[in-house]
Amino acid sequence: MSGFARLGLRSLLGAGCFLSLLFFDRGAFQTFREPKFLVIVWIAGACLLLWGLWLISEAFRRRTLPLPPAPVIALIPFIGLIGYQFQRAYQTSSPTSFGSEGAPLQVEYFIHILLPAVAWLVLFCVASLTLRSGRNQRAFLAILCMAFTLEVSVVLLEIVQNQTGLQVNPVVLLTQGEIDVFGQSVKERIFGTIGNPNWVAGYLAIAIFPLIGWLLVVRSRLPRVILVLVLAAGTFALVSTRSKGAFLALMVGAVHFGIRFLLLRRKRRVKKATAKKSLSRPAWIVAGLLALALAGGFVIANQSPAGENSSYLDHWAETLALRGDSVTVRALLAHCGFQMWREDPWVGLGAGEFKIQFLDTLRDLVEGPEGEKFKVRVARLHSLRATHLHNEYLQTLVEFGVLGLLIVELFFVWCQCRAYRFILGSENSGDSILRIGFLSGVWAGFGGSLFDYPFHRPAQVFLLAVLLGIAIALPNRWEKGETARPRGLWLSGIGILLGVALAVVSVFLMWQANAKYVAQRLGFWGKTSLEIAGGDPGRAYQALATAQDLVPGEGEYTLWLAYYYLAAKGDPNLAIRQIRRARETSDNPNRVMLEATAQLQRNDYLTAGQLLQFVGILEPNKVGLQFLKGRLFEKQQRWKEAARAYLAEIQNSRRTGERSPHLEESYLHLAGILEKQLGQYEEAARYYKGFLETLGDRKPTYPEARLRLGDLSLNRFYDLESAEWYYNEALEILKDQGAEQDAGEVEKILEDIQNRKERFR
């Protein structure tokens, strides 16, 4: 049983190396990041189950129990910290802030956020228990090399595709361009649709060091050549991403690798001949290939998009001078983070609370005494959905306070000391070099955490957990003679109880992963049904409500339920109730616009105006903003301001190329105000015609624009031919819709037009 469990655990780690990197689900609510985390949580649950069986088997045989590594002890106070945050959420939650299971929504949200962290800890422990021997470590390195090669190949094919126009990337064709790059123009032109290149670069920066360690100890020529080529290609791809966080990770990892390697060679008590045999390599060939890779990556990365004169070096000069968008954005995020941290500096706000409270904190800054200064910085944000701080240490400080940060740092320091002990105490220089490579990959993650967020990216989370686990794994020789040592019955009993506990937790993790997967599918179906014409709102509601019950901590389903109540049911009160629930579990900035729409429908103009003013400060060019302002001004009978707002919505849509969902309504409302309130009939006719142009070949359910154009042509422009033409088109649409009464009215108007034409003759 124990052998089967160990084999299963190693197989799960190998499969996770690929799935955490490449898995995506086009049928999920969130196609890219969330499915990868679900895979990691499910794998962690399966690992816990096998680990529990392993524990029980060893306990019955009265052998050494596969217990977690010693540094895990440092995290025990962290459990108390999280428990305190849960208790605080129970005490501070209002009666309307409880989910269907009776727990506060904030607690459900904490569980939703902490599941990947629990999975990370499980993978770390499993790697330290099952990848102890050099053979198992090399097997994992072979799998990592294949995953690394596959990722680099996708990047290189995408670069070729975007530089030549040839459709050569099968992965991009498979995804049909659904994975975007969040509007990063330089990287979008180089990488197209492979996803955010910073994610790729961060993964390569971490994975490159274990492979370098393997290169230094492998003796066969063919594997050595393959590793050199793979590392050169990876270096080229990494440099071409222009990712500053990845470069920082690469630099920190390289410094650590170099220092530890030199210290090892100095303190290594081995024969010189053995050292030369294991460490001497044709370094000039490797250095030359890496130099070519660096130069090639620089050539690609130095290209600038059309309309931008800055080069690669210019961007680095801005960064080093603490200027440029990336530095400004990170400075703003850090300032918001410190503002939040002051609320509870010792125990923090809670897991994931930074992204929930970011929008409100930003609002306080913008509306504060230094608001004008912050407005300039806010304009440089790529998105108001700040899911992270671009600094893992500061994010830990904000969400878990000083105590949480100290506990986490103590855990990592303990891991480092344990790894260094094994590096210096090993009799095999090859194993020590491999361990240095694993540990340097972890240090690369630590370095990237200063400017990026590797612990929030699925593939990097998985890789860092396994690398740290291998780095501190107890060498097999350290436990020789202990595996068969008899144990007392009380210790066997503890092992059995612990195995059962792990099995119970594994069921919880896998159930959570399955529930999230089902919720993702239901959420996608419900959202799509509400978005497309002809969708079934009733079934969409059932899907979204079920998804919300399965995962109460995911606020996106709650927001779409609010949209259902607003758009399909026309009940703004229920919509606002859902939006207020979503404030505790969703970081989606669109909830502000959605609440403003609901407040407009319930005629609360003051609240709606405040919400729209807030959105206007943060995102003045946001699609739909001017339309809602127009609706507000129209209800307040401020006709000129309403007309300007509708016109701005139309012009923004033309300028940005992003079609507003309210574009057609903006044309109709603007034309109606110009005609009925301002008496500008020619301008009104122009925008009625603009509405017809936006429709194209589609026919509306009610021909309002054609009826108004017919009326203007008949009674204002005295153009009977045009009036007859517009009314005939309107009559055809009304008959198709079965509106017999309205069709009869139009027929009377057409008869009157015919009578007028007869009189003129």
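Just so you know, the sequence shown maps onto residues 950 to 1710 in this note's numbering.
A virtual CB, placed ideally from N, CA and C, is assigned to each residue, including glycine.
(message) Given a cut-off of 9 angstroms on the beta-carbon distance, is the pair LYS1578 and LEU1627 in contact?
(response) Taking the sequence shown and counting its residues from 1, one reaches residue 1578 at position 629. Taking the sequence shown and counting its residues from 1, one reaches residue 1627 at position 678. With a cutoff of 9 angstroms on beta-carbon distance, LYS1578 and LEU1627 are scored as not near each other.
(request) Would you identify the three-state DSSP class for ALA1053, choosing helix, strand or coil? (result) Counting from 1 along the sequence shown, the entry for residue 1053 is found at position 104. According to the sequence as given, residue 1053 is Pro; it is not Ala. PRO1053: strand per DSSP, three-state reduction.
(request) Measure the alpha-carbon distance for SER1006 versus GLY952 and round it to whole angstroms. (result) Against the sequence shown, residue 1006 aligns to sequence position 57. Against the sequence shown, residue 952 aligns to sequence position 3. Between the alpha carbons of SER1006 and GLY952 lies a distance of about 10 angstroms.
(message) Considering Cα atoms alone, identify which of TRP1295, VAL1276, GLY1386, SER1398 is closest to PHE1158.
(response) Start at 1 with the first residue of the sequence shown, and residue 1158 comes out as number 209. Here the closest residue by C-alpha is GLY1386.
(request) Please specify which runs of the alpha helix (DSSP H), each continuous and at least 4 residues long, are wholly inside the segment 1326-1385, giving them in chain order. (result) 1341-1374
(request) Kindly list the residues whose CB is nearer than 8 angstroms to the CB of PHE1400, restricted to its own chain and excluding five residues on each side of it in sequence; keep chain order. (result) Taking the sequence shown and counting its residues from 1, the one referred to as residue 1400 is at position 451. If we look at PHE1400 and ignore the five residues flanking it on each side, its Cβ neighbours are LYS1193, GLY1194, LEU1197, ARG1279, HIS1339, ASN1340.
(message) According to DSSP, is PHE972 part of a helix, a strand, or is it coil?
(response) The residue labelled residue 972 in the question sits at position 23 within the sequence shown. Looking at PHE972 - three-state DSSP - the assignment turns out to be coil, as it is neither helix nor strand.
(message) Please classify ASP1536 as buried or exposed, where buried requires at least 16 neighbouring CB atoms within 10 angstroms.
(response) By one-based count along the sequence shown, residue 1536 stands at place 587. Looking at its Cβ environment, which holds 16 or more other Cβ atoms inside 10 Å, ASP1536 is buried.
(request) Take LEU997 and list the residues in its own chain whose beta-carbon comes closer than 8 angstroms to its own, dropping the five residues that flank it on each side. (result) Along the sequence shown, one-based indexing puts residue 997 at 48. Counting only Cβ-Cβ distances below 8 angstroms, and skipping sequence neighbours, we find VAL1071, LEU1451, ALA1452, VAL1454, SER1455, LEU1458.
(request) Might you give, ordered along the chain, the residues of its own chain that have their beta carbon closer than 7 angstroms to the beta carbon of GLY1294, omitting 5 neighbours on each side? (result) On the sequence shown, residue 1294 is found 345 positions in, with the first residue counted as 1. Strictly speaking, residue 1294 in this sequence is Pro, with Gly absent from that position. GLY1350, VAL1351.
(request) Ignore the nearest five residues each way along the sequence and tell me which others in GLN1575's own chain have a CB closer than 6 angstroms to its CB. (result) Here residue 1575 refers to the residue found at position 626 when the sequence shown is read from its first residue. Hits under 6 angstroms: ALA1594, ALA1597, GLU1598.
(message) On the CB-based measure, 16 or more other CB atoms within 10 Å of its CB, does CYS1366 come out buried or exposed?
(response) Locating residue 1366 in the sequence shown gives position 417, where the first residue counts as 1. So CYS1366 ends up on the exposed side.
(request) Taking GLY1001 as part of the alpha helix (DSSP H), name the residues at either end of that continuous run. (result) As a position in the sequence shown, residue 1001 is number 52, starting the count at 1. Run containing GLY1001: 982-1009, per the alpha helix (DSSP H) assignment.
(message) Would you call the segment 1174-1192 in contact with the segment 1372-1391, where contact means no fewer than 3 C-beta pairs closer than 8 angstroms?
(response) no
(request) Could you please give the first and the last residue of the uninterrupted alpha helix (DSSP H) stretch that includes ASN1601? (result) What you label residue 1601 is simply residue 652 of the sequence shown in a count that begins at 1. Taken as a continuous stretch (DSSP letters only), the alpha helix (DSSP H) holding ASN1601 covers 1588-1605.
(message) Check this for me: beta carbons of VAL1056 and ALA1038, under 9 angstroms apart or not?
(response) Translated into the one-based positions of the sequence shown, residue 1056 becomes position 107. Translated into the one-based positions of the sequence shown, residue 1038 becomes position 89. Yes; because the gap between Cβ atoms is below 9 angstroms, this pair is in contact.
(request) Below 6 angstroms CB to CB, which residues in the same chain sit around LEU1471 once its five sequence neighbours on both sides are set aside? (result) The residue given as residue 1471 occupies position 522 in the sequence shown. Hits under 6 angstroms: ALA1492, THR1495, ALA1496.
(request) Could you have a look at ARG1012 and say whether DSSP puts it in helix, strand or coil? (result) The residue labelled residue 1012 in the question sits at position 63 within the sequence shown. Correct three-state label for ARG1012: coil.
(request) Please classify ASN1601: is it buried, with 16 or more other beta-carbons within 10 angstroms of its beta-carbon, or exposed? (result) If you number the sequence shown from 1, residue 1601 lands on position 652. ASN1601 comes out buried.
(request) For the alpha helix (DSSP H) containing LYS1518, list its first residue and its last residue. (result) By one-based count along the sequence shown, residue 1518 stands at place 569. Taken as a continuous stretch (DSSP letters only), LYS1518 belongs to no alpha helix (DSSP H), as it is neither H nor E.
(message) Am I right that LYS1706 and LEU1669 are in contact with their C-beta atoms under 8 angstroms? What's the rounded C-beta distance?
(response) Stepping through the sequence shown from its first residue, residue 1706 is reached at position 757. Stepping through the sequence shown from its first residue, residue 1669 is reached at position 720. At roughly 6 angstroms, the Cβ-Cβ gap stays under 8 angstroms, so LYS1706 and LEU1669 are in contact.
(message) One question on the structure: do LEU1090 and LEU962 come within less than 9 angstroms of each other, judged by their Cβ atoms?
(response) Residue 1090 sits at position 141 when you count from the first residue of the sequence shown. Residue 962 sits at position 13 when you count from the first residue of the sequence shown. It is not a contact, given that the beta carbons lie outside the stated cut-off.
(request) Check whether the Cβ atoms of ALA1547 and ALA1524 lie closer than 9 angstroms to each other. (result) One-based indexing of the sequence shown puts residue 1547 at position 598. One-based indexing of the sequence shown puts residue 1524 at position 575. Yes; because the gap between Cβ atoms is below 9 angstroms, this pair is in contact.
(message) Taking the alpha helix (DSSP H) that PRO1017 belongs to, which residues open and close that run?
(response) Stepping through the sequence shown from its first residue, residue 1017 is reached at position 68. Per DSSP, PRO1017 belongs to no alpha helix (DSSP H) and is neither H nor E.
(request) Under 8 angstroms Cβ to Cβ from ASN1539, same chain only, skipping five residues before and after it: list those, please. (result) Taking the sequence shown and counting its residues from 1, one reaches residue 1539 at position 590. Around ASN1539: LEU1508.
(message) Between the alpha carbons of ALA954 and ILE1305, how many angstroms are there, rounded?
(response) What you label residue 954 is simply residue 5 of the sequence shown in a count that begins at 1. What you label residue 1305 is simply residue 356 of the sequence shown in a count that begins at 1. So the alpha carbons of these two residues sit roughly 40 angstroms apart.
(request) Hey, could you find the ends of the alpha helix (DSSP H) GLY1693 is sitting in? (result) For the purposes of this step, residue 1693 is taken as residue 744 along the sequence shown, with counting starting at 1. GLY1693 -> alpha helix (DSSP H) spans 1689-1709.
(message) Considering just the uninterrupted stretch of the alpha helix (DSSP H) at HIS1618, what are its terminal residues?
(response) If you number the sequence shown from 1, residue 1618 lands on position 669. Element bounds for HIS1618: 1612-1625.
(message) Considering only their Cβ atoms, is the gap separating LEU1346 from GLY1301 smaller than 9 angstroms?
(response) The residue given as residue 1301 occupies position 352 in the sequence shown. The residue given as residue 1346 occupies position 397 in the sequence shown. No.
(message) Using only the alpha-carbon positions, how far apart do SER1662 and ALA1672 sit?
(response) On the sequence shown, residue 1662 is found 713 positions in, with the first residue counted as 1. On the sequence shown, residue 1672 is found 723 positions in, with the first residue counted as 1. Spanning the two alpha carbons is a distance of roughly 5 angstroms.
(request) With DSSP as the reference, label TRP1295 as helix, strand or coil. (result) Here residue 1295 refers to the residue found at position 346 when the sequence shown is read from its first residue. In this structure, TRP1295 counts as coil in the three-state DSSP scheme.
(request) Keeping to the same chain, check which residues put their C-beta closer than 7 angstroms to that of LEU1004; ignore five residues upstream and five downstream. (result) To locate residue 1004, count along the sequence shown from 1; it is residue 55. The answer, listed in chain order, is LEU1014, PRO1015, GLY1444, LEU1447, GLY1448, LEU1451.
(message) Using a Cβ-Cβ cutoff of less than 8 angstroms, which residues in the same chain neighbour ALA1433 once the five nearest sequence positions on both sides are dropped?
(response) As a first step, residue 1433 is located in the sequence shown; it is residue number 484 there, counting from the start. In this predicted model, ALA1433 has a pLDDT of only 38, less than 50, meaning its place in the structure is not dependable; the value taken from the coordinates is given anyway. Answer for ALA1433: ARG1012, listed in chain order.
(request) May I have the straight-line CA-CA distance separating LEU1311 from PRO1610, to the nearest angstrom? (result) Numbered from 1 along the sequence shown, position 362 holds the residue referred to as residue 1311. Numbered from 1 along the sequence shown, position 661 holds the residue referred to as residue 1610. Cα-Cα distance, rounded: 27 angstroms.
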